[in-house]
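Remarks on the structure that follows.
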Amino acid sequence: MSDETTIIEHAVLERLDHVIDPELGRSVTQLGMIANITVIPTSGAASPDATDDVSPHATGSASSMLTGGTPNAAARNAADTDVDLTGSTDDPATRNDAARSSSATRNDVDDAATGSSATRNDDDDDATGSSAARSDVDDATHSGDDTAARGRAYDVVVEVELTVPGCPLSEQIAAQIEQAVRSYPYARLTPRINVGTMADEKLQALVSDLKAARRENPFNKPGIKTRIFAIASGKGGVGKSSISANLAATFAALGYDTAAIDADIYGFSLPRLFGVHSQPTNLNGMLMPVTSWGVKLMSIGMFAGSDRAILWRGPRLQRSLEQFLADVWWGEPDVLILDLAPGTGDMAISVAQALPNAELVVVTTPQPSASDIAVRSGLVALQVPMHVRGVVENMSYFDYAGERLEIFGAGGGERVSEQLSRALGHDVPLLARLPLDPRIREIGESEGRPAVLNEDGTLRDDDFGDTFVRLARTLIDDVPPTSAADKR
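Numbering (the UniProt record's numbering), first residue to last: 1 to 488.
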């Protein structure tokens, strides 16, 4: 193999360090998904060594760099959960077996997600060095005659190993790899991407690496960058889930790495609102959230089905939230949205215990029968260390023939804001007033798309879209409280 092809292999490898697996949040090289890179001279690129080792499966110098101990995408499996992953929640024997398996396996797997955060920090620290290395490699290739270098052509065969057959992200990952190969500026590179499946032994090695860096609830630790917004209401039917879905979609469309948990165990709605009809991928016991409209989602509705009643209480309910936090590979998102169950029951307490950094957003409608109850959902902050961030008034008005009709009355949001501000001792502002619009329901219910988005996934350029953009930016720009007293 010629020196030039070796240099190109190294340059391509450097570029693949920046191709990120969308689910695991780590580069394909760190995850061991790149099995081999082979550079094959084509027209006008012959060299004395041009015929050496050009098999797509040959092991060149670049491939030898890929066999180190970096974790692999196999981490998409790591803990049988108390939630029956097959969708059956009614068989006591199955539940007991799953619980015993979960207890044993979770201790080995929950902290696996730590690898994402720790490695990401290492990645950030190494970014400068990586850029410098790439510059050195490029300069080495570019050191000859400019015209001659740019005139050379090569096929670059990249052997990619995914963690599961038929991975839904295979096309996206392959496209990113192709783009990375083509971005090399000092020769004409034609990518040839061969996609296969990771061997069982390699998959297990990845899981072992992740287990070694395991952690519990990834969102309950000092210095976590994720902003957590829990969307609450005093009663059902006020549009809490719709606001949760549209707020999450807005954050994602604005470029934030966004996750959402449907914590309304009894009345789960997010799968329908996001058009999700599949279960999360279970890779060796670790769940991968389903991604829809740019948002990573998890809901009990993905397992139980829409026609099954959930009769959980107390510890069982609390455990479901813990599983959604610790048994799912979230990476380290910028924003986590929780769609809470109405009222001040077990789930609200569980959220406060599991996510003390969560910020509460209270949803109400204008009429007193809703706003008076909404105040109670905010007063939970007097009992638990949770900061109430503000109030959103939904169904505030209906636009008809240029006139705003206040069908449900007026002033509910202001009343909740004023009462909570007095009771909690800090400003609880009215963050937004949203209209009553049948199209919002139709888009979410019938089309499986948050109404704030256009069909192409961009944000709507109208009052409704602008309101959610302002709401999202207000929430994310506000500095979260740091002291226990401030969190009220």
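Even for Gly, the Cβ is constructed at its ideal location relative to N, Cα and C. The model shown is predicted, which means the values in this text are computed figures rather than measured ones.
Checklist line | Sheet register partners of P191 (DSSP bridge) | finding: V156
Check: Does the distance from the CB of residue 512 to the CB of R460 come in under 9 angstroms?
Finding: Within the shown structure, residues of the chain are numbered from 1 to 488, placing residue 512 beyond reach of any answer.
Check: Are the stretch 380-393 and the stretch 270-278 touching by the rule of at least three beta carbon pairs closer than 8 angstroms?
Finding: no
Notebook entry, point to check: So, are the CB atoms of V388 and A432 less than 9 angstroms apart?
Noted result: no
Notebook entry, point to check: Mind checking A199: buried by the 16 CB within 10 Å criterion, or exposed?
Noted result: exposed
Notebook entry, point to check: Taking just the CA atoms, how far does I228 sit from P333?
Noted result: 10 angstroms
Notebook entry, point to check: Between the C-alpha atoms of F468 and A187, what's the straight-line distance to the nearest angstrom?
Noted result: 46 angstroms
Next item on the list: With distances taken Cα to Cα, identify the nearest neighbour of Q30 among L162, A153, V276, D462.
Entry: L162
Check: Are I231 and V19 close, meaning C-beta to C-beta below 9 angstroms?
Finding: Their beta carbons are not under 9 angstroms apart, which means I231 does not touch V19 by this criterion.
Checklist line | Extent of the continuous alpha helix (DSSP H) run through F251 | finding: 240-253
Check: For R433, which three-state DSSP category applies?
Finding: Under the three-state reduction of DSSP output, R433 falls in the strand class.
Notebook entry, point to check: According to DSSP, is F464 helix, strand or coil?
Noted result: helix
Notebook entry, point to check: What three-state label does DSSP hand F408 in the structure shown?
Noted result: In this structure, F408 counts as coil in the three-state DSSP scheme.
Margin query: With H, G and I counted as helix, E and B as strand and the rest as coil, what does DSSP make of R422?
Written below: helix
Margin query: Tell me the rounded alpha-carbon separation between V428 and R439.
Written below: 30 angstroms
Checklist line | Residue interval of the beta strand (DSSP E) (run including P41) | finding: 34-41
Check: If you follow the alpha helix (DSSP H) that E455 is part of, which residue opens it and which one closes it?
Finding: Where E455 is concerned, there is no enclosing alpha helix (DSSP H), given that its DSSP letter is neither H nor E.
Check: From this set, G32, Y256, Q172, P185, which residue's C-alpha is nearest I337's C-alpha?
Finding: Y256
Check: By how many angstroms is the C-alpha of I173 removed from the C-alpha of S421?
Finding: Straight-line Cα distance between these residues: approximately 48 angstroms.
Check: Helix or strand or just coil, what does DSSP make of S350?
Finding: helix
Notebook entry, point to check: How many Å lie between M33 and T6 at the Cα?
Noted result: Their backbone Cα atoms lie some 20 angstroms apart in a straight line.
Margin query: Rounded to the nearest angstrom, what separates E414 and M302 at their Cα positions?
Written below: 37 angstroms
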